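J.:
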Amino acid sequence: MVDVVERVRKAVAAPVEIGGHTFNVTTSLGIARFPLDGKGRDELLAKADAAMYRSKKNGRNTFSFA
Numbered sequence: 284m285v286d287v288v289e290r291v292r293k294a295v296a297a298p299v300e301i302g303g304h305t306f307n308v309t310t311s312l313g314i315a316r317f318p319l320d321g322k323g324r325d326e327l328l329a330k331a332d333a334a335m336y337r338s339k340k341n342g343r344n345t346f347s348f349a
């Protein structure tokens, strides 16, 4: 799972050029796993959202599991 998340994070981090301007994008990912972290959509989204905000708090451009 960590391998996949790291590949996504690195792919998003690749510089993007738009209209002659280069943009560097980072991600803060929150991951909730079914059924470990919840059995319903709302519960999984809430836990993934909380994990995402933990990632942002911990320095951004990273990921956290619920």
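Whatever position you read off the sequence shown (first residue = 1), add 283 for this note's numbering. Idealized CB from N, CA, C, for every residue including glycine. Computed from a predicted model, the values in this text were never measured in an experiment.
1. Go to Leu319, then tell me how far its alpha helix (DSSP H) extends in each direction, as first and last residue.
2. Along the alpha helix (DSSP H) that carries Val287, what are the first and last residues, could you check?
3. When the distance is taken between beta carbons, is Thr309 closer than 8 Å to Arg343?
4. How is the beta strand (DSSP E) around Gly313 delimited, first residue to last?
5. Which residues does DSSP list as the beta-bridge partners of Glu300?
T.: If we stick to the structure as given:
1. Counting from one through the sequence shown, the residue named residue 319 turns up at place 36. Note, Leu319: premise wrong, no alpha helix (DSSP H); not H, not E.
2. Counting from one through the sequence shown, the residue named residue 287 turns up at place 4. Start and end: 285–296.
3. Against the sequence shown, residue 343 aligns to sequence position 60. Against the sequence shown, residue 309 aligns to sequence position 26. Cβ distance < 8 Å, so Arg343 and Thr309 count as in contact.
4. Translated into positions along the sequence shown, residue 313 becomes position 30. Residues 311–314.
5. Mapped onto the sequence shown, residue 300 falls at position 17. Bridge partners of Glu300: Thr305.
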